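In our numbering, the protein residues as written are -5 to 169.
1) Which one of 31, 60 and 32 has the shortest CA to CA distance from residue 183?
2) So what does DSSP say about residue 144, is it helix, strand or coil?
3) Out of -3, 31 and 39, which one is the CA nearest neighbour of residue 151?
4) Quick check on DSSP: helix, strand or coil for residue 90?
5) Express the C-alpha separation of residue 101 and residue 76 in angstroms, rounding to a whole number.
6) Taking a contact to mean a Cβ-Cβ separation below 8 Å, would you say residue 94 touches residue 122 in this structure?
7) Could you give the DSSP three-state label for residue 25: helix, strand or coil?
8) Under a Cβ-count criterion, where at least 16 other Cβ atoms within 10 Å of its own Cβ denotes burial, should residue 71 be classed as buried or exposed?
9) Grab the span of the beta strand (DSSP E) containing residue 70 for me, first residue to last.
Rendered as structure tokens:
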């Protein structure tokens, strides 16, 4: 299947899909904990952009093109500067990867699948990927050149979002 065919696809069910190497891959439903963590981060990032609107924006669960035959749906896509201004709000999938992709990791996801997602985002031009793992109270920050793990007591910060910070245990809290 091509990205163009994927963009035109209509499904009768409620299932969400990604396109990986030209093949449809169904997405698992999120747990309430995964949704709480995703939405909490979304609120924090949106508040950041409310103060600095010219620097970018963020959108939940948006289809983004990561290859000629690939579309991913990060839990949160953060677009900075020129990317944010170039975003056509009526076009799907977005024709480029987000500057910063965020995925909330489910206990049912396999390491190889998560690693592939990270590689897809970074190869497609993303600069950073945040993997939020509420089950293990860990947050992984990946770039093309580095990888770091933050645990309880740590603080999530990024040079891509100057002045943004949140304590790991606050972000990954169950309530």
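Where a beta carbon is used, it is the ideal one built from N, C-alpha and C, also for glycine. Please read these numbers as outputs of a predicted model, since none were measured by experiment.
Judging by the given coordinates:
1) No answer is possible for residue 183: the residues shown for the chain start at -5 and end at 169.
2) Reduced to three states, the DSSP call for residue 144 is strand.
3) Of the candidates -3, 31 and 39, the one whose C-alpha sits nearest the C-alpha of residue 151 is 39.
4) In the structure shown, residue 90 sits in coil (DSSP, three-state: anything other than H, G, I, E or B).
5) Roughly 35 Å between the two C-alpha positions.
6) A contact, by the Cβ cut-off of 8 Å.
7) Note: residue 25 maps to coil in three-state DSSP.
8) Burial call: buried.
9) First-last of the beta strand (DSSP E) with residue 70: 70 to 74.
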